[in-house]
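Q:
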Amino acid sequence: PLRIRLLRENKEIAQVQWNSTTPVQELGMELQSGDILVVDPMIIRVTIVGLVQKPGSYELPAGSRITDLLAKAEGLQPTVDLSNALLVRKGESRSLDLLQLFWEAKLDNDVELQDGDVLMLPAARKIWVVGAVQKPGALDFQPRMTVVDAISAAGGVRSIEEADLSAVRLVRGGETRVLNLETAFKGVAIPLEAVKPGDVIIVPERAKAYVFGAVARPGSVRVQSGDTAVTLLSAAGGPLLQDARLDEVVL
Numbered sequence: 001p002l003r004i005r006l007l008r009e010n011k012e013i014a015q016v017q018w019n020s021t022t023p024v025q026e027l028g029m030e031l032q033s034g035d036i037l038v039v040d041p042m043i044i045r046v047t048i049v050g051l052v053q054k055p056g057s058y059e060l061p062a063g064s065r066i067t068d069l070l071a072k073a074e075g076l077q078p079t080v081d082l083s084n085a086l087l088v089r090k091g092e093s094r095s096l097d098l099l100q101l102f103w104e105a106k107l108d109n110d111v112e113l114q115d116g117d118v119l120m121l122p123a124a125r126k127i128w129v130v131g132a133v134q135k136p137g138a139l140d141f142q143p144r145m146t147v148v149d150a151i152s153a154a155g156g157v158r159s160i161e162e163a164d165l166s167a168v169r170l171v172r173g174g175e176t177r178v179l180n181l182e183t184a185f186k187g188v189a190i191p192l193e194a195v196k197p198g199d200v201i202i203v204p205e206r207a208k209a210y211v212f213g214a215v216a217r218p219g220s221v222r223v224q225s226g227d228t229a230v231t232l233l234s235a236a237g238g239p240l241l242q243d244a245r246l247d248e249v250v251l
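Note that our numbering has the sequence shown beginning at 1, numbered continuously upward.
1) So, is residue 33 buried or exposed, given that buried needs 16 or more other C-beta atoms within 10 angstroms?
2) For residue 66 and residue 7, I'd like the C-alpha separation in whole angstroms.
3) Return the chain-ordered list of same chain residues with a C-beta closer than 6 Å to the C-beta of residue 163, the five sequence neighbours on each side being excluded.
4) Using 8 Å as the threshold, is the C-beta distance between residue 171 and residue 123 below it?
5) Rounded to whole angstroms, what is the Cα-Cα separation between residue 143 and residue 149?
6) Please classify residue 64: does DSSP put it in a helix, a strand, or coil?
7) Expressed to the nearest angstrom, what Euclidean distance is found between the alpha-carbon atoms of residue 152 and residue 209?
8) Report the partner residues of residue 234 according to the DSSP bridge assignment.
9) What would DSSP say about residue 33, mapped onto helix, strand or coil?
10) To the nearest angstrom, how far is it from the Cα of residue 87 to the Cα of residue 77?
11) Taking C-beta to C-beta, are residue 74 and residue 100 nearer than 8 Å?
12) What does DSSP give as the partner residue(s) for residue 103 in the beta ladder?
13) Is the beta carbon of residue 118 sitting closer than 8 Å to the one on residue 96?
14) Going by the CB atoms, is the gap between residue 178 and residue 194 shorter than 8 Å?
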């Protein structure tokens, strides 16, 4: 099946869908000088390669877009680099940032596909460090980089008191591992986990409680396993005995 469009002065003024059973009379469009006839297939065949669940060639309705092709390929693999997708059309290539499409809803990047297009999705060459670090965000992957190297490249932790280095999370391919890096940041030599492209490192903040009122140092205090209201009051410098009403403490 074909779609035949008549363009006049850059405007579409007529459209006919044609196949082998369409009466010839339906093609009797009156033409003028300068008119343009555009013949498009109703079904296009496009190819997707790289880090999707089912790479290959697919037939799609004309007018389909990149998101339609990704759905046909049953989605992405976890380590895909969406920011460096490549669309090859008639021997020419075009870079596409599909990360902007999915995270920022920039629909201009959801390109309409044409017959013969090839969409290439490479493996990610970046890692991400987020949480209680100075400069959270994406980093270029470097060979032999460790989790500690990545945190350092993100500016290091905001402070040892704030970052919970005993529960750093390494997310890889849908799986999460918890790493204790406290001794590593104290200079003790321990085996360190190497990162891979596409990894996400999450440095959580330590649990906090807030103590206000008649205490020496009102504000936030660090919470550790086994803490009680008394230990939190102590961490806040203790109550001001002349002012504190300990029989009316509110938790």
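Even glycine gets a Cβ: it sits at the ideal position worked out from N, Cα and C.
A: Let me spell this out:
1) The C-beta of residue 33 has fewer than 16 other C-beta atoms within 10 Å across all chains shown, which makes the residue exposed.
2) Computed Cα separation, rounded: 26 Å.
3) Taken in chain order, the residues that qualify are 132, 157, 203.
4) no
5) Computed Cα separation, rounded: 11 Å.
6) coil
7) A direct Cα-Cα distance of roughly 28 Å separates residue 152 from residue 209.
8) Paired residues: none, contrary to the question.
9) Three-state DSSP puts residue 33 in coil, outside helix and strand.
10) Looking at the two C-alpha atoms, the distance is approximately 18 Å.
11) no
12) DSSP lists no partner for residue 103.
13) No. Outside cutoff.
14) Taking a C-beta distance under 8 Å as the contact criterion, residue 194 and residue 178 do not qualify as a contact pair.
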